[in-house]
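Structure record follows, encoded as structure tokens.
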Amino acid sequence: MIHLIGAASYVPYPSWLNPADNTWQITAATFVGLMSLPGLAVLYASLVPKKWAVNVLAMMFAGFALVMVAWFLWEYKLGFGDTSIGGGVRLVNGVVTQTQNAGTTGTLTHFFENFLGKPGPVTSAFGEQAQASSAANTIIPFHFPTSSLAYFQFVFAAITPLLFMGSVLGRIKFSAWCLLVPLWSTCVYTVDAFLLWGGGYFAQEGALDFSGGYVIHMSAGVSGFVAAWCLGPRLLRDRQHALPNNLVMAAVGAGILWLGWNGFNGGDPYYAGASAAAAVVNTNLATATGVLVWIAMDAWLSKEKKPTFLGGVNGMICGLVGITPCAGWVNGLGAIYVGAICTVVVWIAWNYLSKVRPFSKVDDALGVIYTHGIAGLLGGLLLGIFGDPNMIEYGCGHLTASGQVIATSQATYLTAKGTCVPFGVNGLMYTGSAHQLWEQARAAVWVIFWSALVTFILMKLIGLVLRGTRYKDEILEVGDLAIHGEEAFPEETLATRTGGGAFAMAGLDKGGSSAAAAAEDYPVPGTDTGGGS
Amino acid sequence: MKLIVAVLKPFKLDDVKETLKNLGVQGMTLTEAQGFGRQRGHTEVYRGAEYEVDFVPKIRVEVLVDDGQVDEVVDAIVTSASTGKIGDGKVWVLPVEAVVRVRTGERGSEAL
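Top to bottom, those sequences are chains Y and W. Each residue of the first sequence is one higher than the one before, starting from 522 at the first, in our numbering. Each residue of the second sequence is one higher than the one before, starting from 262 at the first, in our numbering.
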């Protein structure tokens, strides 16, 4: 580094920016984005019958794009900005502060003052480049700009409705989907995100959700289930023949989901530190356990007694979802417990609870309520049990003669008489206190209630506006071709161009496959002997 | 001339092809097919749901031969495609009225 004393010099970073943290945040965000496109798009598109694959892909790409625009125009601030009503969390002189208006007390007031951020865009030069600040983290300042935080949070907001598309596919109108996604993420997602992450009521009460076991997965499971109930079932014929069209592509999508989750959980400490690395390892431990447990249960307990690949994918998702609310706050053994418990319970629910009302009466096409809803709920509750106070997300550095010392346990810090208490979670198993479990349970009840209620209202509203949210049976019988005019696996020898499109139209009117006609229409420079240029 | 049609187990194709080549049969046409006879189908499991699949993968072999060669070729197919287990398939023979080679216009036995 060259120091030019007294001279102004260009610098690549503002003083608050840490390039390692910023790099990891953008990288992790991109990993999570890849989980949607192509991960989830390919997984879901290959789990449906051939005639629905294009529809799934179109809804995936449209949904991702819709949330992107909405997120940066108004949604990000709803979830992670200053509170909108009365007191609540807001930036005061650049510091995230809990404020309270004079004369406003009581739990309800406190709840609604800390319910939702004030909507607004993050599209200005300052909005994109200034240091990120949100009550999402009041412990240490962010080391990256708002763009990094907002984009990272966007990919989570985007994947949530895409997850619950698995419940509604095969009959929802494309137009209804395009209305549902931005409305749902505005009215459901941002509320839960603010309450649990953005410094809102449940965050202040102490409920925790590392990467979205509640805000994303349980919410997606419940919302998908309610939306599927509002929509009614797929055609009987489609349910009788609900075969996946390509297990190899399902493996590609599922694999991207698994490894993409390294960004999903590894990015949520917001710093490229030890907690991020531990979260990645725990995520993979829980997931590997989930895969093995589901395959083993299929092989030993299912009627056919066969180890199925798609069962392994279900177990993988159970492990991933279950560890999501806990990732950096449980230790490796805790992660294995979480993965195993979530998978065993979801396997039993998948095979037996599905025969009981209301589960037997709602056509949740890909079973999102089980692998996301139930696994997300369990993971959130298990954090209250397996949360290890020595899994420190944010530690306290204190300088000694030899430099900065990072102690490894809460006890070490406390004996060092620091006023700073490192942040870890006090689970029942380690502290004997059920307080965290209680906070987790309260937040779960809220997320289930809000997701179900608002999804129901939105589906009814959209039904009024569009005169129904599902396609007519004639369209459902055909699928992709009727809705999009495309097939997932078209056969070119059976089709002949008759018009449309912006390229290579010349020669089409000549018919046949005459090479002479092609040469006339597309002369190759330098070979033209006919007196051209 | 006769058309011999055989619906067989896919993994027997190599044996059948080699046997027919050795008999001097000049050509054959192969189609992937789905079918069932007495052995019926099987069960598949996707995400815990069972599906009955009545049809099982088969290959459909078509061979054009002169009348004199019919018995020899049919016997060869039956021998080489047999496993002795249910689902081995069937062979049947149809009369052929005319055969033309597209490239040369030759007709009848010349076109085989």
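Positions of the beta carbon are idealized from the N, C-alpha and C atoms, including for glycine.
query, result
"Alpha-carbon to alpha-carbon, SER706/Y and ALA748/Y", "14 Å"
"Cβ of VAL335/W within 8 Å of any chain Y Cβ", "no"
"Contact with chain Y by LYS273/W, beta-carbon distance below 8 Å", "no"
"Spatial distance of GLY836/Y from THR808/Y (CA atoms)", "7 Å"
"Rounded separation between GLU371/W and ALA820/Y - CA only", "59 Å"
"PHE785/Y and VAL859/Y closer than 8 Å at C-beta", "no"
"Meets three-Cβ-pair contact criterion under 8 Å: the region 650–660 of chain Y and the region 578–587 of chain Y", "no"
"Any 3 or more C-beta pairs closer than 8 Å across the region 675–689 of chain Y and the region 624–643 of chain Y", "no"
"Nearest candidate by alpha-carbon position, reference ARG755/Y, set ALA728/Y, SER744/Y, ALA771/Y and LYS694/Y", "LYS694/Y"
"VAL814/Y versus SER823/Y: straight-line alpha-carbon distance, rounded", "13 Å"
"DSSP state of LYS993/Y mapped onto helix, strand, coil", "coil"
"CB of LEU594/Y within 8 Å of CB of PRO642/Y, strictly", "yes"
"Under 8 Å between C-beta atoms of VAL314/W and GLU305/W", "yes"
"Residue-chain proximity (VAL363/W, chain Y), Cβ-Cβ < 8 Å", "no"
"Three-state secondary structure assigned by DSSP to PRO1046/Y", "coil"
"Beta-carbon proximity list for ALA797/Y, same chain, < 6 Å, skipping 5 on both sides", "GLY787 and PRO790"
"Minimum Cβ-Cβ distance from GLY350/W to chain Y less than 8 Å", "no"
"Under the three-state DSSP convention, the category ILE320/W falls into", "strand"
"Sequence-distant residues of its chain with Cβ nearer than 7 Å to VAL324/W (five each side left out)", "ILE265, LEU281, VAL286, MET289 and VAL334"
"heavy atom of the ligand SAH below 7 Å from ARG299/W C-beta", "You won't find the ligand SAH in this model; it holds no ligand whatsoever."
"DSSP three-state assignment for TYR534/Y, whether helix, strand or coil", "coil"
"Chain-ordered chain W contacts of ASN911/Y [CB-CB under 8 Å]", "Going along chain W, no residue has its Cβ under 8 Å from ASN911/Y, so there is no contact; the nearest lies around 39 Å."
"The region 761–777 of chain Y contacting the region 736–746 of chain Y, beta-carbon criterion three pairs below 8 Å", "no"
"Per-residue DSSP class, three states only, for THR611/Y", "Per the sequence shown, residue 611/Y should be read as Arg rather than Thr. Strand at ARG611/Y."
"Exposed unless 16 or more other CB atoms sit within 10 angstroms - verdict on PHE970/Y", "exposed"
"Chain-ordered residues of the region 809–830 of chain Y with a beta carbon less than 9 Å from chain W", "ASP819, SER823, LYS824, GLU825, LYS827 and THR829"
"Counterpart residues of THR810/Y in DSSP-defined beta bridges", "According to DSSP, which records beta bridges pairwise, THR810/Y is partnered with nothing at all."
"Proximity test, Cβ basis, 8 Å: PRO754/Y and chain B", "Any reference to chain B falls outside this structure, whose protein chains are Y and W."
"Chain W contacts made by the region 763–774 of chain Y, where a contact means CB separation under 8 Å", "ALA763, LEU764 and PRO765"
"Member of PRO1011/Y, ALA1009/Y and LEU700/Y whose CA lies at the smallest distance from the CA of MET980/Y", "LEU700/Y"
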